[in-house]
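What follows is a short report on a single structure.
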Amino acid sequence: MTRVLKADRREPVSGETRSAVVFLHGYGANGADLLGLADPLGEHLPDTLFVAPDAPESIPGMPMGLQWFPIPWIDNSSEEEAERGLMAAAQDLDAFLDALMVDEDLLPEQVVLFGFSQGTMMALHVAPRREDPVAGIVAFSGRLLSPDLLADETRSRPPVLLVHGDADDVVPVQSLPEAAEALQEAGWKDVYAHIMKGTAHGIAPDGLSVALAFMRDKLGL
């Protein structure tokens, strides 16, 4: 039984929806955390709807914090709980994307997934296992989960932009080349990377500029 994800949204500047960016927030945040990026991005993506779902689970002891799935080294959950949580959240996100495309009359190639940290882990897990490729995945400051399963479970290979700060003390920057290598080994042709110099666990202006150029290109703008 999938859970319905609640989401905030910013309508297209032009008033006409021809594409959508789905923001997937990190551990301990909520959809509103990334939705503010719609302001600088929307000027350059005027026909784009920005949507930011809340992760489905609250975090024990963190009243306002949400998670897509438990993280063992943070909350002492078991690997089995984390795996179950990931699988459940993946189904939730799949259903959310299906409904979004129906409701907004969009094709997969008109939708970009934009993840940060745990949201990136979700984007890189869910999108390749969908039958039809989305326009692209923008993957900030995260990592690719279960790279050993990727080749066998992949159904589509959307373009991927990996972005990471070289001063990240939460998710090591080494996660970027590891993800790039695993994607290429699983047959990806379209993998791009950008290192944000001097940036910790966050989104710097140079990274956002690269992400904007990637999204405009993959959405055919």
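With our numbering, letter number 191 in the sequence shown gets 178, and the count goes up by one each step, no holes.
Note that CB positions come from ideal geometry on N, CA and C, so glycine has one too.
Values in this document were obtained by computation on a predicted structure and should not be read as measured data.
Could you please give me the residues that DSSP links to residue i through a beta bridge?
i	result
residue 44	54
residue -4	38
residue 103	127
residue 11	102
residue 180	149
I need the DSSP call for residue i, collapsed to helix, strand or coil.
i	result
residue 62	helix
residue 116	helix
residue 71	helix
residue 6	strand
residue 186	coil
residue 200	helix
residue 49	strand
residue 98	strand
residue 191	coil
residue 214	Look at the range of the chain in this structure, -12 to 208, and you will see that residue 214 is not part of it.
residue 173	coil
residue 16	strand
residue 30	coil
residue 159	coil
residue 121	coil
residue 89	helix
residue 206	coil
residue 132	coil
residue 108	helix
Using C-beta distances below 7 Å, list every residue in its chain close to residue i, excluding the 5 sequence neighbours before and after it, in chain order.
i	result
residue -10	43, 79
residue 1	33, 34
residue 173	137, 138, 141
residue 184	153
What does the Cβ neighbour count give for residue i, buried or exposed, with the cut at 16 atoms within 10 Å?
i	result
residue 155	buried
residue 143	exposed
residue 198	buried
residue 145	buried
residue 73	buried
residue 51	exposed
residue 53	buried
residue 196	exposed
residue 206	buried
residue 208	exposed
residue 202	buried
In chain order, what residues of the same chain lie with their CB nearer than 6 Å to the CB of residue i, ignoring the 5 residues before and after it?
i	result
residue 96	122
residue 82	-11
residue 162	130
residue 4	36, 91
residue 211	Because the chain here runs from -12 to 208, residue 211 falls outside it and cannot be looked at.
residue 175	144
Leaving out the 5 sequence neighbours to the left and right, which residues in its chain are closer than 8 Å to residue i when beta-carbon positions are compared?
i	result
residue 87	7, 9, 38, 93, 98
residue 58	14, 64, 69, 105
residue 126	102, 107, 110, 111, 147, 148, 149, 150, 166
residue 29	-3, -1, 0, 35, 37
Mind the definition here: the region 108 to 125 touches the region 16 to 31 only if three or more C-beta pairs lie below 8 Å; say whether that holds. Cβ pair count under 8 Å is below three, so no.
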